[in-house]
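First residue of the sequence shown? That's 5 in our numbering, and the numbers climb one at a time after it. Worksheet: one structure, shown below.
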Amino acid sequence: MKEIRTEILIAAPIEVLWRVFIDFESYSDWNSIMTVSGELAVGHRLKLTVNLNGKVSSFRPKLTVIEDQRQVEWVGNLGHRRIFSGNHYFHFLPEGEGQTRFVHGERFSGVFSRGILKKVMDPTEEAFHKFNASLKEYAEDLVI
Numbered sequence: 005m006k007e008i009r010t011e012i013l014i015a016a017p018i019e020v021l022w023r024v025f026i027d028f029e030s031y032s033d034w035n036s037i038m039t040v041s042g043e044l045a046v047g048h049r050l051k052l053t054v055n056l057n058g059k060v061s062s063f064r065p066k067l068t069v070i071e072d073q074r075q076v077e078w079v080g081n082l083g084h085r086r087i088f089s090g091n092h093y094f095h096f097l098p099e100g101e102g103q104t105r106f107v108h109g110e111r112f113s114g115v116f117s118r119g120i121l122k123k124v125m126d127p128t129e130e131a132f133h134k135f136n137a138s139l140k141e142y143a144e145d146l147v148i
């Protein structure tokens, strides 16, 4: 299994960061990487549009984990999970007074994961870092 894992320390309490993260309607106010719509409930499918260096793709991942102010995870498959599957995760870890460590990553599996990842690994990791930085800037501005 291949994984992209990023993290960033954000000078905002976990409550603020969580509120920003789950407000899908406001994503366009702070990031250019991804739009999300749908109900935040385990088992529901989201509508996700991702912009990787000008290449726009849409997905319908299924929410698999939601733990209030702690984590959100969804899984998306290309055809069948044995062909290509991505388990995308967002973890919120309290880190000292008024700070949160945001861990953002994805675990990939399936028979075509190696070939697909050769093409998208670098731009995907770059997009994760950009998403994290935008989230940090927006959340920290709300705290000031």
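Built from N, CA and C at the ideal position, the CB exists for glycine as well. These figures come from a predicted structure and were not determined experimentally.
So what does DSSP say about residue i, is it helix, strand or coil?
{"i": "His-48", "result": "coil"}
{"i": "Asn-136", "result": "helix"}
{"i": "Pro-127", "result": "helix"}
{"i": "Arg-105", "result": "strand"}
{"i": "Arg-111", "result": "strand"}
{"i": "Ser-61", "result": "strand"}
{"i": "Ser-36", "result": "coil"}
{"i": "Arg-118", "result": "helix"}
{"i": "Ile-87", "result": "coil"}
Candidates the options: which alpha carbon is nearest residue i's?
{"i": "Ser-62", "options": "Thr-68, Glu-77, Arg-49 and Glu-130", "result": "Arg-49"}
{"i": "Pro-65", "options": "Leu-13, Gly-90, Leu-56 and Gln-75", "result": "Gly-90"}
{"i": "Arg-111", "options": "Met-125, Arg-105, Pro-98 and Glu-101", "result": "Met-125"}
{"i": "Gly-114", "options": "Phe-96, Glu-130, Pro-98 and Asn-81", "result": "Asn-81"}
{"i": "Asn-136", "options": "Pro-17, Glu-19, Ile-37 and Glu-7", "result": "Ile-37"}
{"i": "Asp-145", "options": "Val-79, Ala-15 and His-92", "result": "Ala-15"}
{"i": "Ile-148", "options": "Val-79, Val-20 and Lys-51", "result": "Val-20"}
Are residue i and residue j touching if we call contact CB-CB under 8 Å?
{"i": "Val-107", "j": "Ile-70", "result": "no"}
{"i": "Trp-34", "j": "Ser-138", "result": "yes"}
{"i": "Phe-96", "j": "Gln-73", "result": "yes"}
{"i": "Leu-44", "j": "Ile-26", "result": "yes"}
{"i": "Arg-105", "j": "Glu-29", "result": "no"}
When we look at the beta-carbon of residue i and count the other beta-carbons within 10 Å, is it buried (16 or more) or exposed?
{"i": "Leu-13", "result": "exposed"}
{"i": "Asn-57", "result": "exposed"}
{"i": "Glu-77", "result": "buried"}
{"i": "Lys-140", "result": "buried"}
{"i": "Ile-8", "result": "buried"}
Would you grab the beta carbon distance between residue i and residue j for me? Rounded to a whole angstrom, and I think it's under 8 Å.
{"i": "Val-24", "j": "Ala-143", "result": "5 Å"}
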